[in-house]
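Q: Numbering of the sequence shown is given in the working numbering, commencing with residue 14 and proceeding in unit increments. Quick one: the structure is below, questions incoming.
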Amino acid sequence: MVKMHNRLLALILTIVWVMVGSISAQDTEPSAELLEQFETLETFTRETRGLDEVGTFNIVFPSRDDLAAYLETALREELAPEYVAEAMAFYAAFDFLPRDYDIVGAYESLYMAQVAGFYDPETKNMNVLLLTSDELGDKLPLLEQIIYVHEYVHTLQDMNFDLNAYMGEIENVSYDEGLARQALVEGDATFVMSVYTAFVAQANPLGASLQLLLGGARTGTLTLPSDTPDILGDELLFPYDAGQRFVSDIFDARGWDGVNRVFEEPPTSTEQVLHPEKYLTNEYMPPIDLPDVSGSLGAGWQLVNEGRMGEFYLQRYLATILRNSVARTAAAGWGMDAFTIYENEANQQAWLLQLEWDTPEDEAEFLAAYDEFAAERFTEVLSEVGCWSDEVQVTCLSEAGTTLATAPTQEMALMLLSEGDA
Numbered sequence: 014m015v016k017m018h019n020r021l022l023a024l025i026l027t028i029v030w031v032m033v034g035s036i037s038a039q040d041t042e043p044s045a046e047l048l049e050q051f052e053t054l055e056t057f058t059r060e061t062r063g064l065d066e067v068g069t070f071n072i073v074f075p076s077r078d079d080l081a082a083y084l085e086t087a088l089r090e091e092l093a094p095e096y097v098a099e100a101m102a103f104y105a106a107f108d109f110l111p112r113d114y115d116i117v118g119a120y121e122s123l124y125m126a127q128v129a130g131f132y133d134p135e136t137k138n139m140n141v142l143l144l145t146s147d148e149l150g151d152k153l154p155l156l157e158q159i160i161y162v163h164e165y166v167h168t169l170q171d172m173n174f175d176l177n178a179y180m181g182e183i184e185n186v187s188y189d190e191g192l193a194r195q196a197l198v199e200g201d202a203t204f205v206m207s208v209y210t211a212f213v214a215q216a217n218p219l220g221a222s223l224q225l226l227l228g229g230a231r232t233g234t235l236t237l238p239s240d241t242p243d244i245l246g247d248e249l250l251f252p253y254d255a256g257q258r259f260v261s262d263i264f265d266a267r268g269w270d271g272v273n274r275v276f277e278e279p280p281t282s283t284e285q286v287l288h289p290e291k292y293l294t295n296e297y298m299p300p301i302d303l304p305d306v307s308g309s310l311g312a313g314w315q316l317v318n319e320g321r322m323g324e325f326y327l328q329r330y331l332a333t334i335l336r337n338s339v340a341r342t343a344a345a346g347w348g349m350d351a352f353t354i355y356e357n358e359a360n361q362q363a364w365l366l367q368l369e370w371d372t373p374e375d376e377a378e379f380l381a382a383y384d385e386f387a388a389e390r391f392t393e394v395l396s397e398v399g400c401w402s403d404e405v406q407v408t409c410l411s412e413a414g415t416t417l418a419t420a421p422t423q424e425m426a427l428m429l430l431s432e433g434d435a
């Protein structure tokens, strides 16, 4: 079946990073001085990244009003209700968001506040938003220069690696793998952007810092909106933050030729992005297949989502209760997982998560953390078999400690465990 959680987030990534090019742009022709600055930025980026232009592209400068109009239309049209509903089943199952949360409205507000540029491989439009001024001048402010470099890296990526083909795979893989693929693309651009920022700062450290602080504060791009749910902020930032560290480590180990080869053999999990040494050693476990047990749950139950959580989402799930440092340690050593989520006509949920670990020590760290997690997350310990409850559900841990099951009753949760381990 189509992994709908993956489908929704693939669309979000596409909308934010690769917009369809229907957005309007400034009619003003760049001055000769500004064109000279463009060439300087592009030369720096090509020489730093070690990629040449192959083909042509267009430079577009939409306004934030243009972006707002586009986002409102694109998000509502592209995100069909069935995709949203099945994605929300995932977010609700693992305590990320309430089941009735308006995620489309949240994305609209979040990306309106945060998007500063985007590249469209269909039209070859490289879009740089005018953030610190309303119209083009004879020179881009520093914040826009940095965005220009970032988006020009995407242009070079497309010319050399075919981003349509590369990103087109997102809908065909688990979202764990899709997020890892995105981390390479954004991490590459962020790494080069950071090199440019450091280059400018070397010449005028105080001036560069003040320009960035003032520009970022004025446009609201330095911080996420205060009401952003943790999971949405974490998803948005992961490809840039973790992706930059991943690309930096690959570059240190194998140079730009090594980074280029990653586009041919992308990371297959967020684990490999978080721990680049696992990508370099090609660490990977075979996928887990979980059966559809909706029939055993009873009349009215159906499978609504399935896939792979990955280290990133496992870490974020634990962090809904535990300190980030504890959650990171507990999720590290992830080897593989699979989840299935079921719902009935009364909007009740049941889910199964089967985990595998790199070593017994990694598994023990997770189990110790989960004991702490369960003690805070649930209101009652039900039995000696490892079950906990709150007012709406029961969660049980298998005796082997590798499978979690949640359902409205203990009987159903234990049944899920037995079916999953069969």
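Backbone N, C-alpha and C define an ideal beta-carbon position, used for all residues, glycine too. Nothing here was measured: the structure is a model prediction, and the numbers come from that model.
Runs of 3 residues minimum, wholly inside the segment 97-167: which ones carry the beta strand (DSSP E) assignment?
A: Taken in chain order, the unbroken stretches of beta strand (DSSP E) that lie wholly in the segment 97-167 and span 3 residues or more are 130-133 and 138-141.
Q: Out of E296, A382, G246 and M206, which has the shortest C-alpha to C-alpha gap to R336?
A: A382
Q: In chain order, what residues of the same chain have a beta carbon less than 8 Å from the beta carbon of T372, not counting five sequence neighbours either side?
A: In its chain, beyond the 5 residues on either side, G346 have a beta carbon closer than 8 Å to the beta carbon of T372.
Q: Label F131 either buried or exposed according to how many other C-beta atoms from any shown protein chain fall within 10 Å of its C-beta, with 16 as the threshold for buried.
A: buried
Q: What are the boundary residues of the beta strand (DSSP E) that includes W347?
A: W347 to E356
Q: For F103, tell me which candidate among P421, Y330 and D403 has the shortest Cα-Cα distance.
A: Of the candidates P421, Y330 and D403, the residue whose Cα lies closest to the Cα of F103 is Y330.
Q: By DSSP, does W269 sit in helix, in strand, or in coil?
A: helix
Q: State the start and end residues of the unbroken alpha helix (DSSP H) segment that holds A387.
A: P373 to R390
Q: Secondary structure at Q361, three-state DSSP: helix, strand or coil?
A: coil
Q: Could you name the residues of the same chain whose beta carbon sits closer than 7 Å to that of E432, not counting the 5 residues immediately before and after it, in chain order?
A: The residues P304, V306 and S309, in chain order, have a CB closer than 7 Å to that of E432 in the same chain once the five nearest residues on each side in sequence are set aside.
Q: Answer yes or no: do L88 and E135 have a C-beta to C-beta separation smaller than 8 Å?
A: no
Q: Go to Q406, then tell me how far its beta strand (DSSP E) extends in each direction, as first and last residue.
A: No residue range can be given for Q406, since it is assigned to no beta strand (DSSP E) and is classified by DSSP as neither H nor E.
Q: In angstroms, rounded to a whole number, what distance separates the CA positions of G313 and A363?
A: 12 Å
Q: Can you give the Cα-Cα distance for R258 and G200, rounded to whole angstroms?
A: 7 Å
Q: Run through the DSSP bridge pairs and tell me what S396 is partnered with.
A: BP columns for S396 point to C400.
Q: Given 8 Å as the limit, is there contact between the segment 42-58 and the segment 144-158, that is, 3 or more CB pairs closer than that?
A: yes
Q: May I ask you to report which of helix, strand or coil DSSP gives A420?
A: strand
Q: Where does the unbroken alpha helix (DSSP H) through L54 begin, and where does it stop?
A: A45 to R62
Q: Can you tell me the Cα-Cα spacing of V73 and D79, whole angstroms?
A: 12 Å
Q: Taking the beta carbon of V394 as the centre, do at least 16 other beta carbons fall within 10 Å, making it buried, or is it exposed?
A: V394 comes out exposed.
Q: Please classify A45: is it buried, with 16 or more other beta-carbons within 10 angstroms of its beta-carbon, or exposed?
A: exposed
Q: Report the residue from A255, G256 and V272 whose alpha carbon sits nearest the alpha carbon of I263.
A: V272
Q: Name, in chain order, the residues that DSSP records as bridge partners for W4.
A: Because the chain is modelled from 14 through 435, residue 4 falls outside the range shown and cannot be assessed.
Q: From the DSSP output, in three-state form, read off V208 for me.
A: DSSP, read as helix, strand or coil, puts V208 in helix.
Q: Leaving aside the five residues before and after D240 along the sequence, list all residues of the same chain whose C-beta is less than 6 Å from its C-beta, in chain order.
A: none
Q: Since A255 contacts V286 with CB under 8 Å, what's their CB separation in whole angstroms?
A: 5 Å
Q: Counting only beta-carbon atoms, is K152 nearer than 8 Å to chain C?
A: Absent here is chain C; the protein component of the structure consists of one chain.
Q: Tell me whether the beta-carbon of L169 lies closer than 8 Å to the beta-carbon of R59.
A: yes
Q: Buried or exposed for S402, going by 16 or more other Cβ atoms inside 10 Å?
A: buried
Q: Just to confirm, are L84 and Y114 a CB contact at a threshold of 8 Å?
A: no
Q: Applying the criterion that 16 or more other CB atoms from any shown protein chain within 10 Å of the CB defines a buried residue, is N138 buried or exposed?
A: buried
Q: If the criterion is Cβ atoms closer than 8 Å, does the pair Y112 and N318 meet it?
A: The residue you asked about is not Tyr; residue 112 is Arg in the sequence shown. No, Cβ-Cβ distance for R112 and N318 is not below 8 Å.
Q: Assuming the contact rule is C-beta atoms closer than 8 Å, Y96 and D189 should be a hit. Round their C-beta distance to whole Å, please.
A: Not a contact, Cβ separation roughly 18 Å.
Q: Just to confirm the assignment, what range does the alpha helix (DSSP H) spanning E90 have?
A: R77 to E91
Q: Assuming F251 and L176 are in contact, meaning their beta carbons sit under 8 Å apart, how far apart are those beta carbons, in whole angstroms?
A: In fact, because the Cβ distance is near 19 Å, the residues do not count as touching under 8 Å.
Q: Please tell me whether G438 and W370 are closer than 8 Å, where the distance is taken between their beta carbons.
A: No answer is possible for residue 438: it lies beyond the span of the chain, which begins at 14 and ends at 435.
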